[in-house]
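When the count follows the numbering used here, it moves up by one through the sequence shown with no breaks and lands on 1244 for the last residue.
The beta-carbon is built from N, C-alpha and C at its ideal position, and this holds for glycine as well.
Heads up, the thing below is written out as structure tokens.
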Amino acid sequence: MTASAARPAHNPMLGIGLKVVSVVVFVGMQTTLKGVGDGLPAGQLVFFRSFFALIPVIGYLIYLGDVRTAFRTDDLGGHFLRGVIGVTSMGLGFFALTKLPYPEWIAISYASPLLTVVFAALFLKETVRAYRWGAVLVGLCGIVLVAAPNFSLFSETMAPDHAIGMAAALAGAAVAAVAMIQIRRLVRTERTPTIVVYFSLTSSLVALVSILFGWVWPTPQQAVLLVLAGLCGGVGQLLLTSCYRYADASTIAPFEYTSMIFAVIIGALLFGESASWTTLAGAAIVICAGVFIIFREHRLGIERRKARRVATPQG
930 MTASAARPAH NPMLGIGLKV VSVVVFVGMQ TTLKGVGDGL PAGQLVFFRS FFALIPVIGY
990 LIYLGDVRTA FRTDDLGGHF LRGVIGVTSM GLGFFALTKL PYPEWIAISY ASPLLTVVFA
1050 ALFLKETVRA YRWGAVLVGL CGIVLVAAPN FSLFSETMAP DHAIGMAAAL AGAAVAAVAM
1110 IQIRRLVRTE RTPTIVVYFS LTSSLVALVS ILFGWVWPTP QQAVLLVLAG LCGGVGQLLL
1170 TSCYRYADAS TIAPFEYTSM IFAVIIGALL FGESASWTTL AGAAIVICAG VFIIFREHRL
1230 GIERRKARRV ATPQG
């Protein structure tokens, strides 16, 4: 029996702890990419993030004795599509990260789970009732509050790069929501380690194509940061996957929003960026909407389980 076959005990505090650590590691990844600066193409950033993430991921699978089974798949095309969508999302997001203050970038990224609800209703035909639609609309209003002051339509002094970065961040959040829809399709037939491994492989290969459009030779400092970003990405993915072994998604998901705290602190200390009141207010609205959706999903899950128990014939 492999280590992966053992069923872990339900331990919410451990699950929450792993989630918070994963958030810290992902924030570290984003910080290193922002530290690289805007001198390197987004495709190059995506390649390093994806390729070097394979090191901790495959190392962990070797530890579990799960390498061979991780590469078994019945949906190679679905994994490739996931990789293309992921590269697009990361490319847009990393480009935006080099153009925007860190807290603004984080706040805009919170649009992704809201849009996932919308896309799940449109493409997966999931039932979304009035409460969740209302929360999505409120959350998107928060995103508008963050984004609106950054376009020249609302601010004559806004730098063009800033507006372009905001547009890229919004597009990246939308594509990330599409990626989540593709993951939901994959998890119906594919194992989690398989999805993680093939995503890193396919996104590395797809991002490598961008070398045809011109990569920039990194400085030694940039090279170290790029490799570190990839390693952090792999470790963060493992922690994120592990945390759901010990607690329900509804318990863990709200702790994703702790990244806003780290973003404000890091933006101020490392990059001299201060969060505007519109960014903080908009982020607060989005976070409240997101937590409501998570709570609603949790309540619906309880109701569905009760309904199944009632409907099950008793022997």
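Exposure label - residue i; buried when at least 16 CB within 10 Å
i: P985; result: buried
i: Q1150; result: exposed
i: K1028; result: buried
i: D1003; result: exposed
i: I1190; result: exposed
i: L1155; result: buried
i: P1242; result: Here P1242 scores only 47 on pLDDT, less than 50, and its place in the model should not be relied on; the value that follows carries that caveat. It counts as exposed.
i: W1206; result: exposed
i: F1200; result: exposed
i: V1138; result: exposed
i: C1070; result: exposed
i: R978; result: buried
i: G880; result: Because the chain spans 930 through 1244 in this model, residue 880 falls outside it and cannot be assessed.
i: T961; result: buried
i: I991; result: exposed
i: D995; result: buried
i: L1098; result: Inspection of the sequence shows that residue 1098 is occupied by Ala rather than by Leu. That one is buried.
i: I1140; result: exposed
Whole-angstrom C-beta distance between residue j and residue i, which should lie under 8 angstroms
i: E1202; j: P1030; result: 4 angstroms
i: E1226; j: V952; result: That belief does not hold up - the Cβ atoms of E1226 and V952 are roughly 20 angstroms apart, past 8 angstroms.
i: V976; j: V1126; result: Note that residue 976 is Phe in the sequence shown, not Val. With a Cβ gap of about 17 angstroms, F976 and V1126 do not count as contacting.
i: F1048; j: I1110; result: 5 angstroms
i: A1171; j: G1012; result: Rather than Ala, the amino acid found at residue 1171 in this sequence is Ser. Not confirmed; about 22 angstroms, so no contact.
As assigned by DSSP and simplified to three states, the class of residue i
i: P1030; result: coil
i: Y1173; result: helix
i: W1062; result: helix
i: T1002; result: coil
i: G1211; result: helix
i: W1206; result: helix
i: V1145; result: coil
i: T1055; result: Correcting the residue type first, residue 1055 is Glu in the shown sequence and not Thr. Coil.
i: T1180; result: helix
i: T1017; result: helix
i: R1228; result: helix
Bounding residues of the alpha helix (DSSP H) (the contiguous stretch that carries residue i)
i: D1090; result: 1089-1115
i: R997; result: 996-999
i: G1196; result: 1188-1199
i: S1133; result: 1121-1137
i: V1267; result: With the chain covering only 930 through 1244, there is no way to say anything about residue 1267.
Discussion item. Which complete alpha helix (DSSP H) runs does the stretch 936-982 hold, if anything under 4 residues is left out?
Written reply: Counting only runs of 4 or more, we get 941-965, 971-980.
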